[in-house]
Amino acid sequence: MDAKMKDYHVYEEYLDQVVEYCSDFTSVQEMINRYLALLSEKNFMAQLQEKNLRLLENAEKRYGKAD
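So for the sequence shown, the working numbering puts the first residue at 111; every next one is plus one.
In structure tokens form, the structure reads like this:
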């Protein structure tokens, strides 16, 4: 367990340095929360784009492709 903690400590230090350097975040947790929010939004937008593409393809089949 202690060996893993030492291995992961380098990542903790890195994230702390990012927070210190970047004025957009006040904590590592805030940075992680931002990442998770952006990831969630990215997935939502990908699903929306896929849905709109299917709708467009169906409309093209139904009405013919516009040139």
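Just so you know, even glycine gets a beta-carbon here, dropped at the ideal spot from N, CA and C.
- Here Ser137 is actually not in contact with Val128; their C-beta atoms are around 11 Å apart, not less than 8 Å.
- For Asp112, the secondary structure class from DSSP, reduced to helix, strand or coil, is helix.
- At the C-beta level, Met141 and Leu125 come within 8 Å of one another.
- In this structure, the CA atom of His119 is about 15 Å from the CA atom of Gln139.
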